[in-house]
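Peer 1: Each residue of the sequence shown is one higher than the last, beginning at 8 in the working numbering.
Take this structure, written in structure tokens, and hold onto it; I'll ask about it next.
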Amino acid sequence: MDIGQLHFLVAEGDPVLSDTLAGILGQLGATVITKVPDGHTALRHFDNGMEPPVDIAVIDLALEGMDGLELIRRLSEERCNAAIVIVGAQTSAVLLSVETMAVAYGVNMLGAIGKPVSAPRLEALISNYLAPVNTPPHSAAAGPVYSFAEVGRGLQAREFDPFFQPKIELATGDVKGLEMFARWRHPRYGVLGPGSFIKALDDHQRIDFLDWSMIEKSAAACRALHDQGIPLAVSINVDQGTLAHPQFMEQINACLARHRILADYITFEMTESAVLTTDPHFLERLLRLRMQGFGLAIDDYGTGRSNLQLLARIPFSELKIDRSFVDGAFKKQAIGVVLRSCLNLASSLDRRSVAVGVETKQDWEFLQGLGCTYAQGYYIAKPMPVEDIPGWLKEWHEFF
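Quick look at the structure:
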């Protein structure tokens with residue numbers, strides 16, 4: 008990153024402090040610096056028509072007219088891509104809360120600094136700046152949304168297939184498993200993600216149609232890999248209602264027998280909200296699965312309202328940290344604090360932790376430093392058909 012090519016905005020009402028901040032930026036190599044005295048003037052400089060566009064804004068919380076908090080909210084509403092550094096005379100606890108609020112608004116926060124601002128601290132935050140890029144969505148091509156009847160026809164025609172994303176052990180770089188993602192190979196629109204078909208199934212309470220198709224095909228894919236000398240485990244997302252069905256244990260055991268797969272090679276993933284229940288019948292089902300050797304993972308952890316006492320009593324084997332607490336956590340102090348808390352919880356419960364949404368080398372290295380067990384995300388690989396796994400494995404082993 009060439010700091011001299013970036014446009015910095017300094018929003019500070021005190022002329023002396025404004026000059027000081029601009030001076031520090033100049034010492035760090037910045038050449039394009041705009042100074043504004045209040046929040047309203049600052050907001051005008053983020054308009055899409057302003058040239059050059061603001062890359063990084065250093066914003067004082069106590070701005071006149073529109074303070075830093077309101078400015079953050081307005082930038083969120085305008086979907087501003089600029090990176091933000093907050094400065095203020097408040098306590099570290101308050102500044103951390105400001106970061107948390109800004110991240111919740113979706114603002115690209117580099118961090119917050121207490122006054123007086125030091126050059127090393129400001130330089131450390133600026134070094135985390137990544138220019139915004141237009142990246143494709145994480146799901147497959149969206150396409151149109153289909154009706155229940157259309158999705159049903161696609162399932163009957165066996166047009167739905169599992170795609171698999173590798174799960175890597177951070178300490179060693181070893182591939183430890185694959186997570187399944189349902190994809191629809193539509194004859195007209197190509198590969199479609201869940202946005203095209205999940206709602207129709209959910210509205211008719213027939214997610215189990217998709218679940219059983221993916222369980223069967225994932226077990227077959229697992230066997231195909233084993234036959235090629237690639238004994239990887241597979242994680243399968245399932246709906247709570249599918250697991251709760253009275254015939255589930257009988258059906259899953261029959262499926263494993265057909266494909267000659269041990270229960271140890273299958274992990275069922277459920278959302279945090281689904282597993283946090285006091286229903287004794289469902290808890291019994293989870294216990295039976297674990298006692299038989301299946302893995303259980305809590306997916307999207309951190310997005311629900313956890314009952315920690317109940318969470319500690321659920322026999323899950325993996326805690327999957329939601330991507331919102333992973334992507335860019337290395338440069339966002341507030342998110343990093345939450346991520347550490349999640350990882351510490353998994354460790355204290357003697358569970359494996361899985362970070363989802365690892366997008367960059369910085370994410371990978373940050374998670375390594377925190378002691379996270381596994382990682383998966385686009386930095387490692389996109390979800391792929393099972394037939395692509397052997398070739399990808401060869402490339403990964405050459406790379407790592």
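For glycine and all other residues, C-beta sits at the position ideal for the given N, C-alpha and C.
1) Is the Cβ-Cβ distance between PRO173 and ILE387 less than 7 Å?
2) Going by CA-CA distance only, name the one from ILE40, PRO59, GLY75 and THR179 that's closest to HIS404.
3) Which class does PHE332 belong to by DSSP, given the choice of helix, strand or coil?
4) Can you find the residues in the same chain that come closer than 7 Å, C-beta to C-beta, to THR38, ignoring five residues on each side of it along the sequence?
5) To the nearest angstrom, report how far apart ILE79 and PRO390 are at their CA atoms.
6) Which whole-angstrom value is the C-beta distance of VAL182 and LEU269, which I expect to be below 8 Å?
7) So, under 8 Å CB-CB, GLU408 and ASP67 are touching, yes? Tell me the CB distance rounded to an integer number of Å.
8) Excluding the 5 residues preceding and the 5 following PHE170 in the sequence, name in chain order all residues of the same chain whose CB lies nearer than 7 Å to its CB.
9) Excluding five sequence neighbours on each side, which residues of the same chain lie with their C-beta closer than 6 Å to the C-beta of ALA362?
10) Thinking ILE321 and VAL345 are a contact (beta carbons under 8 Å), I'd like their distance in whole angstroms, please.
11) Determine the direct distance from the alpha carbon of LEU250 to that of GLY300, and round the result to whole angstroms.
12) Straight-line CA distance for VAL241 to ARG267?
13) Measuring CB to CB, does ASP306 end up less than 7 Å from THR278?
14) Shortest alpha-carbon distance to HIS47 belongs to which of LEU232, GLY72 and ALA111?
15) Measure the alpha-carbon distance for PHE53 versus HIS14 and round it to whole angstroms.
16) Our contact map puts ALA89 next to ALA64 with C-beta atoms below 8 Å; I'd like the distance itself, whole angstroms only.
17) Give, in chain order, every unbroken run of the alpha helix (DSSP H) that is at least 4 residues long and sits entirely within the stretch 344-399.
18) Rounded to whole angstroms, what's the CA-CA distance from LYS338 to ILE133? Just pull it up for me.
19) Measure the alpha-carbon distance for LEU24 versus VAL17 and round it to whole angstroms.
20) Check the C-beta distance from PHE323 over to LEU350 and give it rounded, since I have them as a contact under 8 Å.
21) Let me confirm a value: GLY118 is counted as buried when at least 16 other C-beta atoms fall within 10 Å, else exposed. Which label applies?
22) So PRO397 and ILE237 are in contact, right, with Cβ under 8 Å, and what is the actual spacing, rounded?
Peer 2: Short version:
1) Taking 7 Å as the cut-off, the beta carbon of PRO173 is found closer than this to the beta carbon of ILE387.
2) Answer by Cα proximity: THR179.
3) In the structure shown, PHE332 sits in a helix (DSSP, three-state: H, G or I).
4) Answer for THR38: GLY11, listed in chain order.
5) Roughly 35 Å between the two C-alpha positions.
6) So it is not a contact: roughly 18 Å between Cβ atoms.
7) No answer is possible for residue 408: the residues shown for the chain start at 8 and end at 407.
8) The beta carbon of PHE170 lies closer than 7 Å to those of PHE188, ARG190, PRO390, MET391 and PRO392 in the same chain, with the five residues before and after it left out.
9) Cβ within range, chain order: ILE328, VAL333, LEU374, CYS379 and ALA382.
10) With a Cβ gap of about 21 Å, ILE321 and VAL345 do not count as contacting.
11) GLY300 and LEU250 have their C-alpha atoms spaced approximately 15 Å apart.
12) About 14 Å.
13) A distance below 7 Å separates the beta carbons of ASP306 and THR278.
14) In this structure, GLY72 is the residue among LEU232, GLY72 and ALA111 with its C-alpha nearest to the C-alpha of HIS47.
15) Going by C-alpha positions, PHE53 is about 11 Å away from HIS14.
16) Yes, they are in contact, since the Cβ atoms of ALA89 and ALA64 sit about 5 Å apart, within 8 Å.
17) Segments of the alpha helix (DSSP H) lying fully in the stretch 344-399: 368-377.
18) As the crow flies, the alpha-carbon of LYS338 is around 9 Å from that of ILE133.
19) Each residue's alpha carbon lies about 10 Å from the other.
20) Separation of the CB atoms of PHE323 and LEU350 is rounded to 15 Å, and the pair is thereby denied contact status at 8 Å.
21) The C-beta of GLY118 has 16 or more other C-beta atoms within 10 Å across all chains shown, which makes the residue buried.
22) Between ILE237 and PRO397 the Cβ distance is about 6 Å, and since that is below 8 Å, they are a contact.
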